[in-house]
Amino acid sequence: MLTDYPAPLARLIDELSKMPTVGPKTAQRLAFYLLRASAEDARALADAILEIKTSMRHCSTCFTITDVDPCATCRDTTRHGDVLCVVEDPRDVIALERTREFRGRYHVLHGAISPLDGVGPDDLKIPELLARVQAGGIKELIVATNPRVEGEATAIYLARILKPLGVRVTRIAHGLPVGGDLEYADEVTLARALEGRRDL
-18 MLTDYPAPLA
-8 RLIDELSKMP
2 TVGPKTAQRL
12 AFYLLRASAE
22 DARALADAIL
32 EIKTSMRHCS
42 TCFTITDVDP
52 CATCRDTTRH
62 GDVLCVVEDP
72 RDVIALERTR
82 EFRGRYHVLH
92 GAISPLDGVG
102 PDDLKIPELL
112 ARVQAGGIKE
122 LIVATNPRVE
132 GEATAIYLAR
142 ILKPLGVRVT
152 RIAHGLPVGG
162 DLEYADEVTL
172 ARALEGRRDL
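Numbering (this note's numbering), first residue to last: -18 to 181.
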């Protein structure tokens, strides 16, 4: 129980346990690690946390996280401005950039349509996406939302509103991971792998 700890330590454990995937035991381990750390290390961590809260923002063009506006991707003149990849989260941009395959630009929705959670199109960066497309110059929009019900609903909604604007709307293929075995794949994954097949 947190009442067994001195108040400052209990407060730190409580704050750490509010973080995603950090349960009470992990919060305790982190708190005791910080307690044993040098004052310089603890200060460096606190400074890093404060710095991201004061210097990080959303790019005014694509809405990814950045410390400069517009972000480096939006400023890169070597990227293809006529292809836009739409993702749910800034972390998705980072994942796609790691592949070094996509040379277009991005648009981050900051979520997916989810009526059960009260998230509609106007709660996301969809109006801003429409404005970018209507401004012209975009030929293809790649929908790279996650393969969940919410991601699929978002993809279908985007296709419905964007196709009439004369933009080619494509969806990333979903399927089997490299190194995976067919026998362990679920039916939905196998069906997606078959749908996303290509010529050899």
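Built from N, CA and C at the ideal position, the CB exists for glycine as well.
- Contact between Pro71 and Val89 holds, with the beta-carbon distance rounding to 6 angstroms and staying under 8 angstroms.
- Taking C-alpha positions only, Met0 is separated from Arg60 by approximately 36 angstroms.
- For Cys66, DSSP records a beta bridge to Tyr87 and Ile123.
- Annotated three-state conformation of Ile94 is coil, per DSSP.
- Residues Ala125 of the same chain have their beta carbon placed closer than 7 angstroms to that of Asp73, with the five preceding and five following residues left out of the count.
- The straight-line gap separating the alpha-carbon atoms of Pro51 and Lys120 is approximately 22 angstroms.
- Here Ser41 has Asp50 and Pro51 as same chain residues with Cβ atoms under 7 angstroms from its own Cβ, once five neighbours each way along the sequence are excluded.
- Counting other Cβ atoms within 10 Å of its Cβ, Tyr87 reaches 16 or more and is therefore classed as buried.
- Ile153 sits in coil when the DSSP states are folded into three classes, being neither helix nor strand.
- Non-local beta-carbon contacts of Ile153 in its own chain, meaning distances under 8 angstroms to residues more than five positions away in sequence, involve Ile123, Val124 and Ala125 in chain order.
- A residue is called buried once 16 or more other Cβ atoms fall within 10 Å of its Cβ, and Thr80, having fewer, is exposed.
- Note that the C-beta distance between Leu(-10) and Leu26 is not below 8 angstroms.
- DSSP, read as helix, strand or coil, puts Thr47 in strand.
- In the DSSP assignment, Lys106 falls outside any alpha helix (DSSP H) and carries neither an H nor an E.
- Taking a cut-off of 8 angstroms for Cβ pairs, the region 1 to 8 and the region 26 to 36 do not touch, as fewer than three such pairs fall below it.
- In the structure shown, Arg24 falls within a helical segment according to DSSP collapsed to helix, strand and coil.
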